[in-house]
Amino acid sequence: MMRAEGKATRSANRSSPWKSSYVAYGLLLGSLLVLLYLMVSTQFSYSQKALLDPAAIDSAGTIPAKHRRSHPGQDDASRGMEEFSRDEEEEEKAKAHTEPSTPRRQEKQDESEQQWAGRNSIEEQLGNEMKSDNWEAKSQDKNEEAAESKEFGGGTDDYNNVANAKPICDTSFGKYDICELAGDARAQGGPGATVTLVSPRAPPKEWQIKPYSRKYLDGLKAVTVRSVPNPGDAPQCTTQLNIPAMVIELGGLTGNYWHDFTDVLVPLFIGARRFNGEVQLLVVNLLPFWVDRYKRIFGQISRHDIVDFENDDGAVRCYPHVVVGYGSRKEFTIDPSLDETGGDYTMLDFTRFLRHAYSLPRDRPIKLGDVRPPGGRRRRPRMIILERTNSRKILNLPEVVAAAEAAGFKVTVAGRPKASYDEFTREMNSFDVMVGVHGAGLTNCVYLPTGAVFLQIVPYGRLEEIARTDFGDPARDMGLRYIEYSVAAEESSLMGVFGKEHPMIKDPAAIHLSGWGNVAEWYLGKQDVRINVERFRPSLLRALEHLQ
Numbered sequence: 001m002m003r004a005e006g007k008a009t010r011s012a013n014r015s016s017p018w019k020s021s022y023v024a025y026g027l028l029l030g031s032l033l034v035l036l037y038l039m040v041s042t043q044f045s046y047s048q049k050a051l052l053d054p055a056a057i058d059s060a061g062t063i064p065a066k067h068r069r070s071h072p073g074q075d076d077a078s079r080g081m082e083e084f085s086r087d088e089e090e091e092e093k094a095k096a097h098t099e100p101s102t103p104r105r106q107e108k109q110d111e112s113e114q115q116w117a118g119r120n121s122i123e124e125q126l127g128n129e130m131k132s133d134n135w136e137a138k139s140q141d142k143n144e145e146a147a148e149s150k151e152f153g154g155g156t157d158d159y160n161n162v163a164n165a166k167p168i169c170d171t172s173f174g175k176y177d178i179c180e181l182a183g184d185a186r187a188q189g190g191p192g193a194t195v196t197l198v199s200p201r202a203p204p205k206e207w208q209i210k211p212y213s214r215k216y217l218d219g220l221k222a223v224t225v226r227s228v229p230n231p232g233d234a235p236q237c238t239t240q241l242n243i244p245a246m247v248i249e250l251g252g253l254t255g256n257y258w259h260d261f262t263d264v265l266v267p268l269f270i271g272a273r274r275f276n277g278e279v280q281l282l283v284v285n286l287l288p289f290w291v292d293r294y295k296r297i298f299g300q301i302s303r304h305d306i307v308d309f310e311n312d313d314g315a316v317r318c319y320p321h322v323v324v325g326y327g328s329r330k331e332f333t334i335d336p337s338l339d340e341t342g343g344d345y346t347m348l349d350f351t352r353f354l355r356h357a358y359s360l361p362r363d364r365p366i367k368l369g370d371v372r373p374p375g376g377r378r379r380r381p382r383m384i385i386l387e388r389t390n391s392r393k394i395l396n397l398p399e400v401v402a403a404a405e406a407a408g409f410k411v412t413v414a415g416r417p418k419a420s421y422d423e424f425t426r427e428m429n430s431f432d433v434m435v436g437v438h439g440a441g442l443t444n445c446v447y448l449p450t451g452a453v454f455l456q457i458v459p460y461g462r463l464e465e466i467a468r469t470d471f472g473d474p475a476r477d478m479g480l481r482y483i484e485y486s487v488a489a490e491e492s493s494l495m496g497v498f499g500k501e502h503p504m505i506k507d508p509a510a511i512h513l514s515g516w517g518n519v520a521e522w523y524l525g526k527q528d529v530r531i532n533v534e535r536f537r538p539s540l541l542r543a544l545e546h547l548q
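Written as structure tokens, this is what we have:
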């Protein structure tokens, strides 16, 4: 018995140090938990106080308004207009000073019609959208979806998610800059125009932004964009508006017909259409005659007065949301996957928007199998051939017209429009097929009905990739049937100038490698074409097939 008690005593003595350590660890862990609880409680109380403090709420700026979702009425005023584009000399000048935005290398001279159709069939593009003519309803749905999916701007005033806030300005695109100011945004006009965001959560910063879609061009004017934490550091409001605003610049290459759409009208549609007319445009380098030319488009973009921002001295206009800058990632088209505005628009939406703006009647071209007037004679599809008067002229135009008429088309040859621009858009909408040599005039394809045929004649000199980037790919995005006819060396006037052994004829790739200046001067600026009508006839027949 004594042995057992002694053994138990020794065992208890051995366990005492372990028990002491256990108690010490327990006390330490308990102290840590108490300390953690006190820290969390203090932080929570501080956050609640900041959120409920009226002074903090006031300094965050005004609350964006809920924007109306109705379209503005049509502007039926009919006024005179300037010429619808600069002289063709200005077009060549623009081409000569603007290198292609993508590498212009083409290893194959042509691709088969089947390959092109496989890449971009009309039925695949349009889907069920072809069945709907109600532009307003579709636009309403898209705007509501955008409003539900995301709030305006970069979120710099989001107290609960500052770490994930978008930057105010994005200057990473290379081609253009975009700034989104959400909250208390103040626009001060004049020669040194500024747009200031007052936000206690935005660090003081400043950007110089050229609000044009090609910021690398010379002669553009910069707008200063700033963020400041205190209202006293910003100009005081003289006008308070409860709508968004966009700061844009005209100038640059504005005035060249293709650049009017590529650099201004398409990017403006991308950036402003989400506001459904409830947006005010603050324009740097305002060109009143140019805006008047496209007054119906601007009337659909905004139902508010346009502000001449450079000459808006003394005014400080305050908005709940201001966008500075605009642009498009691709030339003369829209890539919805790269559109961060939430509108998810396409070039089909843009052309439908234009038809709505100009009240154009035709959404679809003629369908030859369905149209037989009394007497059984089938109506001929209407073709317009755009005539150039400077470079890239069709030297044997009467022969081309005769070949098109023999193929079954009713042909109209058009140069510069003599009617008003509104009347000209209606005339363009009446055609089923448009034919022309590569140039700014082909921009008129935007007014063709969806499914019409666009036949581009590409001058000699390995210009196919330029032609497809500028017009071919955009045409498909518009839902047009695109056909490309590449001029052979024997059809080019340059053959008579240089002879078949000269690199200009024999090795166009070498000319491209020598620099854009030679390409612009000769292949675009000093070349005319004489179409081989026998070689051209299959293109005319394919155009007819597309209308079956």
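Numbering (the UniProt record's numbering), first residue to last: 1 to 548. C-beta: ideal position from N, C-alpha, C; glycine also.
Spatial distance of residue i from residue j (CA atoms)
{"i": "R535", "j": "R273", "result": "44 angstroms"}
{"i": "L253", "j": "L220", "result": "10 angstroms"}
{"i": "F289", "j": "R476", "result": "32 angstroms"}
{"i": "A163", "j": "R201", "result": "With a pLDDT of 39 at A163, under the threshold of 50, the predicted position of this residue should be treated as unreliable, though the coordinate-derived value follows. Straight-line Cα distance between these residues: approximately 10 angstroms."}
{"i": "W258", "j": "V228", "result": "39 angstroms"}
{"i": "E151", "j": "Y319", "result": "Unreliable placement is indicated for E151, whose pLDDT of 40 sits below 50; the coordinate value is still reported in the next sentence. In a straight line, the C-alpha of E151 is about 15 angstroms away from that of Y319."}
{"i": "G472", "j": "P203", "result": "45 angstroms"}
{"i": "V437", "j": "Q456", "result": "6 angstroms"}
{"i": "F84", "j": "I505", "result": "Bear in mind that a pLDDT of 40 at F84, under 50, signals an unreliable position, so the model cannot answer this."}
{"i": "S539", "j": "P381", "result": "15 angstroms"}
{"i": "Y482", "j": "E206", "result": "46 angstroms"}
{"i": "T346", "j": "I301", "result": "16 angstroms"}
{"i": "V533", "j": "E545", "result": "18 angstroms"}
{"i": "A402", "j": "K418", "result": "25 angstroms"}
{"i": "R542", "j": "R388", "result": "24 angstroms"}
{"i": "F498", "j": "G415", "result": "29 angstroms"}
{"i": "T224", "j": "R303", "result": "26 angstroms"}
{"i": "E501", "j": "Y523", "result": "16 angstroms"}
{"i": "P474", "j": "G189", "result": "36 angstroms"}
{"i": "Q115", "j": "F454", "result": "Low confidence applies to Q115: its pLDDT is 43, below 50, so where it sits in the model is not reliable, and the reading given next is rough at best. Straight-line Cα distance between these residues: approximately 17 angstroms."}
{"i": "I384", "j": "A404", "result": "10 angstroms"}
Reference residue i; option with closest CA among the options
{"i": "K526", "options": "N532, R382, G517", "result": "G517"}
{"i": "Q208", "options": "A193, F498, R214, L547", "result": "A193"}
{"i": "K393", "options": "V529, Y212, E427, N230", "result": "V529"}
{"i": "V519", "options": "L494, I270, E427", "result": "L494"}
{"i": "P449", "options": "F409, A182, M428", "result": "M428"}
{"i": "R329", "options": "T262, A440, E405", "result": "T262"}
{"i": "N242", "options": "G232, R317, A403, E206", "result": "R317"}
{"i": "T425", "options": "V446, V458, F454", "result": "V446"}
{"i": "L547", "options": "R378, V266, I334", "result": "R378"}
{"i": "E249", "options": "D349, R214, G183", "result": "R214"}
{"i": "R364", "options": "L397, Q240, L463, L480", "result": "L480"}
{"i": "L181", "options": "S486, M383, M246, P474", "result": "M246"}
{"i": "S492", "options": "I178, G461, P231, D260", "result": "G461"}
{"i": "P459", "options": "F332, P167, R226, V487", "result": "V487"}
{"i": "D184", "options": "G451, S199, P191", "result": "S199"}
{"i": "E310", "options": "V195, L360, M478", "result": "V195"}
{"i": "K367", "options": "E490, G174, F173, D432", "result": "D432"}
{"i": "P398", "options": "H512, P503, P231, I531", "result": "I531"}
{"i": "F332", "options": "N276, R226, I270", "result": "I270"}
Opposing strand residues paired with residue i [DSSP bridges]
{"i": "I248", "result": "V283"}
{"i": "R323", "result": "A quick correction: the sequence has Val, not Arg, at residue 323. For V323, which the question treats as bridged, DSSP gives the partners E180, M246."}
{"i": "K205", "result": "S227"}
{"i": "I385", "result": "V413, V435"}
{"i": "I505", "result": "The partner list for I505 (beta bridge, DSSP) is empty, contrary to what the question assumes."}
{"i": "R426", "result": "Answer is none; R426 lacks a bridge partner."}
{"i": "R535", "result": "None; R535 has no bridge partner."}
{"i": "C169", "result": "C179"}
{"i": "R186", "result": "T196, C318"}
{"i": "F350", "result": "The partner list for F350 (beta bridge, DSSP) is empty, contrary to what the question assumes."}
{"i": "Q240", "result": "C318"}
{"i": "Q548", "result": "Answer is none; Q548 lacks a bridge partner."}
{"i": "I457", "result": "V437, Y485"}
{"i": "V529", "result": "I394, S492"}
Distance cut-off 6 angstroms: residue i Cβ against heavy atoms of the ligand ADP
{"i": "C445", "result": "The model depicted lacks the ligand ADP and carries no ligand whatsoever."}
* At which residue ranges does the segment 475-499 contain complete beta strand (DSSP E) runs of 3 or more residues, listed in the order of the chain? -> 481-486
* Report yes or no: do the segment 354-365 and the segment 294-310 share at least 3 C-beta pairs separated by less than 8 angstroms? => yes
* Asked: For the segment 253-319, which segments carrying the alpha helix (DSSP H) assignment without a break, of at least 4 residues, lie completely within its bounds, in sequence order?
  -> 266-272, 288-293, 295-301
* Start-end ranges of the beta strand (DSSP E) lying completely within the segment 388-417, minimum 3 residues -> 410-414
* Asked: Do the segment 457-472 and the segment 264-283 meet, that is, are 3 or more Cβ pairs less than 8 angstroms apart?
  -> no
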